[in-house]
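K.L.:
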Amino acid sequence: MLSRPNLFILALALLAAIAGGWLQHERRLARVPPGVHVADVGELRPDLALLDFDGHERRLSGYQGKRLLLNFWATWCGPCREEMPRLNAAQHKFADQGGIVLGIAMDEPGPVRTYLAGHPASYPILLGQLDSPSTTLRFGDLDEILPYNVLLDENGKILAMKRGRLSPRQLERWLSPTSAP
603 MLSRPNLFIL ALALLAAIAG GWLQHERRLA RVPPGVHVAD VGELRPDLAL LDFDGHERRL
663 SGYQGKRLLL NFWATWCGPC REEMPRLNAA QHKFADQGGI VLGIAMDEPG PVRTYLAGHP
723 ASYPILLGQL DSPSTTLRFG DLDEILPYNV LLDENGKILA MKRGRLSPRQ LERWLSPTSA
783 P
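With this note's numbering applied, the sequence shown has no gaps in its numbers, which climb one by one up to 783 at the end.
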């Protein structure tokens, strides 16, 4: 059994951990501009309009009816670049089954165009909005860490979100039409 002083120290440590977690959560929420909705799992995706490399506006609702993996990335992000070959392979494997990878570059158009010239993507790439509120923030990435992945079902409902790279197994589960994420 714990002595009274040890119990007090344990209670203080637990209280400090809870307070620290709460402050971290509040700090992250403070980054969200007033009036901006941050999407979460179970909600419909925001129907953002993003530009392709020809300057044409593409709405996410244009992909309705497909299981859609949104991969937020940037040319300066090493883990993002490492993930791209797996995303290319997944696009080839699941395209006929209704799964689509959609890359959203959180970068300037010039570096993205240059990078893709040497490392082509087999899936569409759109340009994310860098200004506040960014595209990743609107999709729940409060820390705006890349890579960031969001899985949408055929109706645009958010099924899953993940900061960091997807493992090959996760990628398979996320894009397979017969499995849950």
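Where is the CB? At the ideal position from N, CA and C, for every residue including glycine.
A quick note: this is a predicted structure, and the numbers were derived from the prediction, not measured.
1. Please return the same chain residues whose Cβ sits closer than 7 Å to the Cβ of valine 703, not counting the five positions on each side in sequence.
2. Buried or exposed: alanine 651, going by 16 or more other Cβ atoms within 10 Å of its Cβ?
3. Determine whether the beta carbon atoms of proline 783 and leucine 761 lie at a separation below 9 Å.
4. CB lysine 759 to CB leucine 662, shorter than 9 Å?
5. Using the C-alpha atoms, what's the distance from aspartate 642 back to glycine 742?
6. Between Gly657, Pro607, Cys679, which lies nearest to tyrosine 750 when the distance is taken from Cα to Cα?
7. Report yes if the CB atom of proline 779 is closer than 9 Å to the CB atom of arginine 669, and no otherwise.
8. On a Cα-Cα basis, can you pick out the residue from Leu653, Asp733, Leu754, Ile611 that is closest to glycine 667?
9. For a test of the three-state rule: what should DSSP assign to glutamate 774, helix, strand or coil?
10. Taking the CB atoms as reference points, tell me whether phenylalanine 655 and isoleucine 727 lie closer together than 9 Å.
11. With C-beta atoms as the reference, is arginine 765 less than 9 Å away from aspartate 733?
12. Hey, how far is the Cα of methionine 686 from the Cα of valine 638?
13. Less than 9 Å between the C-beta atoms of proline 681 and arginine 767, yes or no?
P.N.:
To lay it out plainly:
1. Leu671, Asn673, Leu689, Ala692, Gln693, Tyr725
2. exposed
3. yes
4. no
5. 6 Å
6. Cys679
7. Contact flag set, yes.
8. Leu754
9. helix
10. When the beta-carbon positions are compared, phenylalanine 655 and isoleucine 727 come within less than 9 Å of each other.
11. no
12. 30 Å
13. yes
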